[in-house]
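Student: Position one of the sequence shown corresponds to residue 1 (this note's numbering), numbered consecutively onward. Below is the structure I would like to discuss, written out as structure tokens.
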Amino acid sequence: SLRVGGIMHCKGSTLAKVVVALTLSSLCGFVDVLCVARYGAFPATQTGNVIFFGEYLHRLFSPALDQAPGEEAVAVEAIYYRLAVMLCSVLGGYAYCAFEHVKPHRTAATIGPVLALMVLSADVIPHLRGEKWKMARDIVSHGGLSGPDSDSKSFQMAGKWCVCIVAFAFGGLHFMCSPTSDGSRMKAVTFAATGHMHKLTKLFWQWTHCKPIQPADRASAVVSVSVVLGMILGAVAGALAMHAGADQWLFVPVAFGVLGAVELHDAALKPPPGWGDQGPAKHSRIAPDDKKPSDAARPLLQGEECGGPRSADGTPNGRVVPEGDPEMGAVAAYQLMPASDK
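Here it is as structure tokens:
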């Protein structure tokens, strides 16, 4: 066992997974509310961006555009913007996937400071440009990012595109725990609630119909509750922070939260079986070097003669068939057959 955050637990226990899931999902809810309220885009959960993308595609090709001058430019801008956010999220996941195959040990903790700095840039860059966060809600209430007040919109341009940087960072964090990742220690999505709600629904059906529930399903249900609850708590915290007047430097606590989450992830959760020193090799299409058959056990190559020099036990070319290996025994028997019988 080890101590992480003052909690004694066995490495890889349900408690560790709950703490990691609750932390990451809370960060997800916080930044999504923050960026939706300011810029109308989701850096963590991409489902909302996909929906908005489709909505603005409809607006772009809608006949009603003929009656609303300027709406076409608004739709085009919104489409490009949300497409950029989604693409950055995908690139973040790709970058994490590539890095975990280069450094299978402590992948998250190693790349975590970079992700935290990317999140922090969403506060630093607009501050250096003199942008004022207090105008963001007014822009959204007057029609979104491309509202009629062009001067106000210009104050938010750097912050708007910084959402793409945050989406890249959270794309990597999402991939870290996703079942898609080869080195995933959680094997659970922490930035989406729908799948977890359905999992809980299934377990509720089993319980109401007196069906047996396995211990692993119970543990998984606790993680699911943590993800849903964490997203709600994070969203509430983000909304309270903005409406309490603290509308500046709100990405700073998120950056520190990312650092803590990745450190906790690598310290408290076990990697999947076989993922470690040989992780990339075991999960690649090429077998490790120590698994290659030795030259002494290989079959004859094309053009080699069966009737060449033999050892004392009659094996061609002095090669010895490994004891107890039926496959190699069959190969050797075939090699010893006369050419006329083949």
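Positions of the beta carbon are idealized from the N, C-alpha and C atoms, including for glycine.
Can you tell me whether DSSP reads His198 as helix, strand or coil?
Tutor: Three-state DSSP puts His198 in a helix.
Student: What does a CB cutoff of less than 7 Å around Pro63 pick up in its chain, not counting 5 residues either side in sequence?
Tutor: Same-chain partners within the cutoff: there are none.
Student: Apply the 10 Å Cβ neighbour rule to Arg285 and answer buried if 16 or more other Cβ atoms are within range, or exposed otherwise.
Tutor: Unreliable placement is indicated for Arg285, whose pLDDT of 43 sits below 50; no coordinate value is reported for it.
Student: Could you tell me whether the segment 208-216 touches the segment 162-176, where touching means 3 or more Cβ pairs closer than 8 Å?
Tutor: Because the criterion of three Cβ pairs below 8 Å is not met, the segment 208-216 and the segment 162-176 do not touch.
Student: Are Gly230 and Ser25 touching if we call contact CB-CB under 9 Å?
Tutor: Contact: yes.
Student: Is it the case that the segment 188-196 contacts the segment 23-39, given that we only count it when at least three CB pairs across the two stretches are under 8 Å?
Tutor: The answer is yes - the segment 188-196 touches the segment 23-39, with three or more Cβ pairs under 8 Å.
Student: Could you check whether Val36 and Met186 sit closer than 9 Å to each other, using their CB atoms as the reference points?
Tutor: Their beta carbons are not under 9 Å apart, which means Met186 does not touch Val36 by this criterion.
Student: Identify every run of the alpha helix (DSSP H) within the segment 215-249, keeping only runs that are complete inside it and at least 4 residues long; order them along the chain.
Tutor: Those alpha helix (DSSP H) runs which fall completely within the segment 215-249 and span 4+ residues are 215-243.
Student: Which residues in the same chain have their Cβ closer than 6 Å to the Cβ of Phe53, if we skip the five residues on either side of it in sequence?
Tutor: Answer for Phe53: Arg82, listed in chain order.
Student: Using the Cα positions of Asp32 and Ala235, report the straight-line distance between them to the nearest angstrom.
Tutor: Distance between the alpha carbons of Asp32 and Ala235 is about 7 Å.
Student: Quick one: measure Cβ to Cβ for Ala122 and Gly159, integer angstroms, because I've assumed they're closer than 8 Å.
Tutor: Contact holds; Cβ gap of about 7 Å.
Student: On the three-state DSSP scale, how would you describe Pro253?
Tutor: It is helical.
Student: Between the segment 253-271 and the segment 174-185, are three or more C-beta pairs nearer than 8 Å?
Tutor: Touching, per the Cβ criterion.
Student: From the DSSP output, in three-state form, read off Ile125 for me.
Tutor: It is helical.
Student: Can you tell me whether Gly172 is helix, strand or coil according to DSSP?
Tutor: Three-state result, Gly172: helix.
Student: For Val223, which residues from the same chain have a beta carbon less than 7 Å from its beta carbon, with the 5 sequence-adjacent residues on both sides left out?
Tutor: Cβ within range, chain order: Lys17, Val18, Ala21 and Ala188.
Student: Excluding the 5 residues flanking Leu60 on each side, which residues of the same chain have their C-beta closer than 6 Å to its C-beta?
Tutor: Around Leu60: Ala75.
Student: Starting from Gly274, trace the alpha helix (DSSP H) both ways and give me its first and last residue.
Tutor: Counting along the chain, Gly274 falls outside any alpha helix (DSSP H), and DSSP gives it neither H nor E.
Student: Could you tell me the distance, in whole angstroms, from the CA atom of Val321 to the CA atom of Met86?
Tutor: Low local confidence applies: a pLDDT of 45 at Val321 is under 50, so the model's placement there is unreliable, with the coordinate-based value given in what follows. If I take the Cα positions, the gap works out to 56 Å.
Student: Determine, using beta carbons only, whether Asp217 and Leu203 come nearer to each other than 9 Å.
Tutor: It is a contact, given that the beta carbons lie within the stated cut-off.
Student: Give a single yes or no on whether Val262 has its beta carbon closer than 8 Å to a heavy atom of the ligand FMN.
Tutor: For the ligand FMN, the structure offers nothing, since it holds no ligand at all.
Student: Taking just the CA atoms, how far does Asn49 sit from Ala42?
Tutor: Ala is not the amino acid found at residue 42; the sequence shown has Phe there. Distance between the alpha carbons of Phe42 and Asn49 is about 6 Å.
Student: Leaving aside the five residues before and after Gly195 along the sequence, list all residues of the same chain whose C-beta is less than 7 Å from its C-beta, in chain order.
Tutor: Once the five neighbours on either side are set aside, the close Cβ partners of Gly195 are Val189.
Student: Exposed or buried, Leu120, counting other C-beta atoms within 10 Å across all chains shown (16 or more means buried)?
Tutor: Label assigned to Leu120: buried.
Student: Helix, strand or coil: which one does DSSP assign to Leu269?
Tutor: Reduced to three states, the DSSP call for Leu269 is coil.
Student: By how many angstroms is the C-alpha of Pro273 removed from the C-alpha of Ile220?
Tutor: First, the residue type needs correcting, since residue 220 is Ser and not Ile in the sequence shown. Computed Cα separation, rounded: 19 Å.
Student: When you compare each of Pro271, Ala44 and Ile213 to Gly93 by their alpha carbons, which one comes out closest?
Tutor: Closest by alpha carbon: Ala44.
Student: Under a three-way DSSP split, which group does Arg38 fall into?
Tutor: Helix at Arg38.
Student: Using DSSP with H/G/I as helix, E/B as strand and the rest coil, what is Met186?
Tutor: Of the three classes helix, strand and coil, the one that applies to Met186 here is coil, per DSSP.
Student: If I follow the unbroken alpha helix (DSSP H) through His58, where does it start and stop?
Tutor: From DSSP, the alpha helix (DSSP H) with His58 extends over Thr47 to Phe61.
Student: What whole-angstrom Cβ distance do Tyr39 and Val163 have, given they're in contact under 8 Å?
Tutor: Yes, Tyr39 and Val163 are in contact; Cβ-Cβ is about 5 Å, under 8 Å.
Student: Applying the criterion that 16 or more other CB atoms from any shown protein chain within 10 Å of the CB defines a buried residue, is Trp275 buried or exposed?
Tutor: Trp275 is buried by the Cβ-count criterion.
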